[in-house]
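Okay, structure first, notes after.
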Amino acid sequence: MDDVVFTFFGGPRSYTGEDVLEISCHGNPFIVRKVLDDLLARGCRMAEAGEFTRRAFLNGRLDLTAAEAVMDVIRARSDRALEAARLQLRGALGRRIDRLVGDLLQCCATVEAYIDFPEEDLPVEDRMRRRADLAALLAEIGGLRATRRHGDLLREGLRVVLLGAPNAGKSSLLNRLAGYDRAIVSEEPGTTRDFLEEPVLLGPHRIRVFDTAGLREAGGAVERAGVERSLERAEEADLVVLVVDATAPCPTLPQLVRDRLATHAAVLAVNKCDLPERHFEWPFTATLARVEVSAQTGAGLDELRRVLIERADRITGTGSDEEHVAVNARHAVALAEAEECLRRADRLLAEEHPLELVGSEMRLAVGALGAIVGRIDHEAILDRLFASFCIGK
Ligand SMILES: Nc1nc2c(ncn2[C@@H]2O[C@H](COP(=O)(O)OP(=O)(O)OP(=O)(O)O)[C@@H](O)[C@H]2O)c(=O)[nH]1
Ligand SMILES: [Mg+2]
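Position in the sequence shown (first residue = 1) + 1401 = my numbering.
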């Protein structure tokens, strides 16, 4: 059929932990099909989706966060997303969670040690110390939860919204950033009615650029609906680029947009700088990064890209830190659950409730954190901890 190469990976140090045989044939789909048919006829079966990684997880080669990172590596569409996925694959998040669980178990063990000896209630200073432990754990969990936004931005891409008056050159700018004629451009104000979205690779970032309908009060029902949508995009934006025409007077902007510019990440792009006559005076220049561009000639575009990359870096972090993590939605839910339990444990400690209740909340928190890495053997860890725990006083 073909001349092929067989590669044998001996367990337990293979990807799945089992013996694996890989067949590399020539990349002709017809040959691949023939080889597969032959293997099926000999009693092999096709793997299910994710089966190799699933087996790797079940055989303890990967924890769940690393298994998820395999998916993130496959789906990564920018350098930043790939860096973050590779860090998670190498266990950056798994280690943070393991450390957290270890500290929590230590705290839990101290509390539970007193449960077996009811005559010796936990002394006041020990309660204080345990509450300090819980505060440190809660701070770490809060920090991890806060990386959720970063994770979303890496996976989905930063939303950059081009806003401005009709004819300012928003669509021309989108076309420049996209590198092709994505949007219709014309001298007629009100050309863009509905918003357009285009993914753009900007240095190490993947951003989603939105071109929107020009902001103005006049216009018919369709244009007004378009302006509504522009404002909605502005609300959701991670970064707003206000596009203004250098040859036009300062546009009057809706209050919502002015608030957005004052409080959120925004860049001012003064367009049509190739034209000689300049009228534009911007009242809030000091608060906005200002870039002079010409969507027509391409002048200033490199500078605009540089400013956008710098802003994006500031929003997502740079990922140069080896312990840098970015949790996903599943992790965030589990972290929130653990946080709830520890808050309750702290309240129980503060109000001097029985230690059984405190210990039970802590164990629930251990379970929630364990679900992040997919560890099911926490009972075993607890047993080991208790076995080594010195009560001998
Ligand atoms: N001279 C010059 N003309 C420009 C420049 N950028 C855009 N234009 C022209 O300005 C007009 C409007 O450009 P568009 O990109 O359609 O503007 P827009 O902001 O998308 O307009 P609406 O969709 O109507 O809100 C077109 O005739 C463009 O050719 C520029 O940098 N220099
Ligand atoms: Mg347009």
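Where a beta carbon is used, it is the ideal one built from N, C-alpha and C, also for glycine. In this text the structure is predicted, and so the values were computed from the model without any measurement.
Euclidean distance between Cα positions of residue i and residue j
i	j	result
Cys1509	Ala1467	27 angstroms
Ala1486	Met1447	27 angstroms
Gln1507	Arg1764	11 angstroms
Val1474	Leu1555	11 angstroms
Asp1499	Glu1752	29 angstroms
Arg1443	Leu1437	10 angstroms
Ile1516	Leu1465	33 angstroms
Ala1630	Asp1595	Per the sequence shown, the amino acid found at residue 1630 is Arg instead of Ala. Spanning the two alpha carbons is a distance of roughly 7 angstroms.
Ala1533	Leu1654	50 angstroms
Val1641	Val1561	6 angstroms
Leu1743	Val1767	10 angstroms
Val1759	Ala1477	42 angstroms
Asp1639	Ala1733	20 angstroms
Gly1428	Met1402	13 angstroms
Pro1430	Arg1776	40 angstroms
Glu1762	Ala1547	23 angstroms
Leu1750	Glu1741	14 angstroms
Ala1584	Ser1573	7 angstroms
Arg1471	Val1502	Note on residue identity: the sequence assigns Val, not Arg, to residue 1471. Answer to the nearest angstrom: the Cα atoms are 23 angstroms apart.
Gly1580	Arg1712	21 angstroms
Leu1494	Ala1727	8 angstroms
Ala1772	Leu1709	37 angstroms
Gly1793	Leu1535	Residue placement at Gly1793 is poorly supported in this model, since its pLDDT is 36, which falls under 50; the coordinates are not used for a value here.
Gly1544	Cys1651	42 angstroms
Val1601	Asp1420	42 angstroms
Buried or exposed (CB count within 10 angstroms, at least 16 for buried), residue i
i	result
Val1623	exposed
Asp1703	exposed
Ser1789	Reliability of the predicted coordinates at Ser1789 is poor, the pLDDT of 49 falling under 50, and no value is obtained from them.
Leu1459	exposed
Leu1441	exposed
Glu1469	buried
Asp1646	buried
Pro1524	exposed
Asp1747	buried
Glu1513	buried
Arg1531	buried
His1665	exposed
Leu1662	buried
Beta-carbon separation (whole angstroms), residue i vs residue j, contact threshold 8 angstroms
i	j	result
Leu1632	Phe1611	Contact flag wrong, Cβ pair sits at about 12 angstroms.
Thr1417	Arg1462	7 angstroms
Leu1575	Glu1599	6 angstroms
Leu1669	Arg1691	5 angstroms
Ala1735	Ala1769	5 angstroms
Gln1697	Asp1675	6 angstroms
His1343	Ser1479	A query on residue 1343 cannot be resolved here, the shown segment of the chain reaching from 1402 to 1794 and no further.
Ile1860	Leu1603	Outside the shown range of the chain (1402 to 1794) lies residue 1860, about which nothing can therefore be said.
Ala1569	Asn1729	Their Cβ separation, rounded to whole angstroms, is 37 angstroms, which puts Ala1569 and Asn1729 out of contact at 8 angstroms.
Leu1564	Val1644	7 angstroms
is_contact[residue i, chain C] using C-beta, thresh 8 angstroms
i	result
Gly1615	No chain C appears in this structure, which consists of one protein chain only.
List in chain order: all unbroken alpha helix (DSSP H) runs of 4+ residues lying wholly within the region 1492–1558. 1493–1516, 1525–1547, 1549–1557
Scan the region 1639–1685 and note each continuous beta strand (DSSP E) run of 3 residues or more that stays entirely inside, going in chain order. 1640–1646, 1667–1672
Enumerate, from N- to C-terminal direction, the unbroken alpha helix (DSSP H) stretches of 4 or more residues contained entirely within the region 1559–1641. 1571–1579, 1622–1637
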